[in-house]
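J.: Dropping the structure in here first, questions after.
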Amino acid sequence: MDVDDLNLFVRIAQLRSISAAARDLGLTPAGASVRLAALERKLSARLLHRTTRQATLTEDGIAFLPHAEHVVHAAESARAALGREQAAPRGTLRVAAPASFARMHIVPGLSDFCTKYPELALDLRISDSIVDLVEGAFDVAVRYTEPSDSSFVARRLAPDNRVLVASPGYIEQHGRPNTPDNLAEHACLVVGTLDLWTFRGKNAEVIERRVTPNLRINDGSAVRDAASAGLGIALMATWCASEELRSGALVPALPGYPLISTQTLWALYPSSRELAPKVRVFIDWLVDRFGNQPYWDQGLEGILNNS
1 MDVDDLNLFV
11 RIAQLRSISA
21 AARDLGLTPA
31 GASVRLAALE
41 RKLSARLLHR
51 TTRQATLTED
61 GIAFLPHAEH
71 VVHAAESARA
81 ALGREQAAPR
91 GTLRVAAPAS
101 FARMHIVPGL
111 SDFCTKYPEL
121 ALDLRISDSI
131 VDLVEGAFDV
141 AVRYTEPSDS
151 SFVARRLAPD
161 NRVLVASPGY
171 IEQHGRPNTP
181 DNLAEHACLV
191 VGTLDLWTFR
201 GKNAEVIERR
211 VTPNLRINDG
221 SAVRDAASAG
231 LGIALMATWC
241 ASEELRSGAL
251 VPALPGYPLI
261 STQTLWALYP
271 SSRELAPKVR
281 VFIDWLVDRF
291 GNQPYWDQGL
301 EGILNNS
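Counting in this note's numbering, the sequence shown runs from 1 upward without gaps.
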């Protein structure tokens, strides 16, 4: 059996569509159908139920899939063992990433990445909803928290530091809160469900306060814009609000009580296989782009500590 035919079958099973798998592998839908039919004849088994909208596994297909995946992964590992020159990244790389972060910090650098790897096509899905990497057939995902699922490998990309911010106009009109307890007297803006704010106190104690938001939006950049417009105090990631802090459109709202953040930006990929060249080069690019101290945090320490 041809490894490429097995790879086609695996991709159809993942995407549940012959047309989508064909696009992913640079084939025509008709060509993919012909190759799949030839594979089924060789096996004397029907692997997929086909409709105009989707392809689903038959019982034989379900039984055959893990064996096909094993062969495909072994072939990828063998090619990767030859080194980076021989295992040049190609095909389609499916990436899932948070919407605001992707718009601000991944998409702006893609021209450099795509120029460097012209044989690699990117399918970037941006959403703040947590997607199923296996169900969605994603090769890599960027997330804020390390997974507990051992079927994935997590590589650290950058810290996800947080700061409480407000516009100078809001501070002038309403004053700064002196302690976390004073937040009950202020308009608070919340990203999604992040209404439990955790601070480090004067004596290093942990202080937790659940705020009642005047405005809740499920998009960080929209909350940042609302804070810049003077609507209230917001808990923001520095990667989202760094430019506004530098320009003075936003200022720290409670500098004496730094936020405690356990969040970190991670790249996740399946642990079941050797790291494919296309996944490796993308994750390496992210690590190089952000560095130990990401560019969005550079120069912010003086702003946050001197307010």
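Built from N, CA and C at the ideal position, the CB exists for glycine as well.
Computed from a prediction, not measured in an experiment: that's the story for all the values here.
What separation, rounded to the nearest whole angstrom, lies between the Cα atoms of Ala241 and Arg94?
T.: Computed Cα separation, rounded: 28 Å.
J.: Assuming the contact rule is C-beta atoms closer than 8 Å, Trp197 and Leu259 should be a hit. Round their C-beta distance to whole Å, please.
T.: Between Leu259 and Trp197 the Cβ distance is about 7 Å, and since that is below 8 Å, they are a contact.
J.: Return helix, strand or coil for Met236, following the three-state DSSP convention.
T.: Met236 falls in the strand class under three-state DSSP.
J.: Considering Cα atoms alone, identify which of Ile303, Leu39 and Ala96 is closest to Leu164.
T.: When each option's Cα is compared against that of Leu164, the closest is Ile303.
J.: Give me the residue from Asn178, Gly299 and Ile233 with the minimum Cα distance to Arg246.
T.: Minimum Cα distance to Arg246 is reached at Gly299.
J.: Look at the Cβ atom of Ala158, then the Cβ atom of Phe290, and state whether they are nearer than 7 Å.
T.: Yes; because the gap between Cβ atoms is below 7 Å, this pair is in contact.
J.: Name, in chain order, the residues that DSSP records as bridge partners for His49.
T.: Thr56.
J.: What are the residues that DSSP puts in a beta bridge with Arg224?
T.: According to DSSP, Arg224 bridges with nothing at all.
J.: Can you tell me the Cα-Cα spacing of Arg41 and Ala276, whole angstroms?
T.: One C-alpha to the other measures close to 30 Å.
J.: Below 8 Å on the Cβ atoms is my guess for Ala88 versus Glu119; work out the distance and round it to an integer in Å.
T.: Contact holds; Cβ gap of about 7 Å.
J.: Could you compute how far the alpha carbon of Ser228 sits from the alpha carbon of Val279?
T.: When rounded, the distance between both Cα atoms is 37 Å.
J.: Who does Glu185 pair with in a DSSP beta bridge?
T.: None; Glu185 has no bridge partner.
J.: Who pairs with Ala121 in a beta bridge, going by DSSP?
T.: Looking at the DSSP assignment, Ala121 forms a beta bridge with Thr92.
J.: By Cβ distance below 6 Å, which residues in the same chain neighbour Leu110 in space, the five residues on each side in sequence not counted?
T.: For Leu110, where only same-chain residues beyond five positions count, there are no Cβ hits under 6 Å.
J.: Whole beta strand (DSSP E) runs in the stretch 243-293 with 3 or more residues, listed along the chain?
T.: Here the runs fully enclosed are 264-270.
J.: So what's Leu15 in DSSP terms, helix, strand or just coil?
T.: Helix at Leu15.
J.: Per the DSSP calculation, Pro159 is bridged to which residue(s)?
T.: According to DSSP, which records beta bridges pairwise, Pro159 is partnered with Thr264.
J.: By DSSP's criteria, Leu164 is part of a beta bridge. Which residues make up the other side?
T.: Answer is Leu235.
J.: On the criterion of 16 or more Cβ atoms from any shown chain inside 10 Å, does Gly220 qualify as buried, or is it exposed?
T.: Flag for Gly220 reads buried.
J.: Give the secondary structure of Ala37 by DSSP, where H, G and I count as helix, E and B as strand, and everything else as coil.
T.: If DSSP states are grouped into helix, strand and coil, Ala37 belongs with the helices.
J.: Only counting the same chain, and skipping five residues up and downstream in sequence, which positions put a Cβ closer than 7 Å to that of Arg11?
T.: Taken in chain order, the residues that qualify are Ala21, Asp24 and Leu25.
J.: With a Cβ-Cβ cutoff of 7 Å, do Arg125 and Ala99 count as a contact?
T.: The answer is no: Cβ separation not under 7 Å.
J.: Can you have a look at Ala141 and say buried or exposed, based on whether 16 or more other CB atoms are within 10 angstroms of its CB?
T.: That one is buried.
J.: Rounding to the nearest angstrom, what Cα-Cα distance links Pro213 and Pro180 in this structure?
T.: About 14 Å.
J.: So the candidates are Val211, Leu43, Asp288 and Ile217; which of them puts its Cα closest to the Cα of Phe199?
T.: Phe199 has its Cα closest to that of Val211, out of Val211, Leu43, Asp288 and Ile217.
J.: So Ile18 and Ala45 are in contact, right, with Cβ under 8 Å, and what is the actual spacing, rounded?
T.: Rounded, the Cβ-Cβ distance is 17 Å, inconsistent with contact.
J.: Can you give me the C-alpha to C-alpha distance between Glu76 and Met104, rounded to a whole angstrom?
T.: Using only the alpha carbons, I get a separation of about 33 Å.
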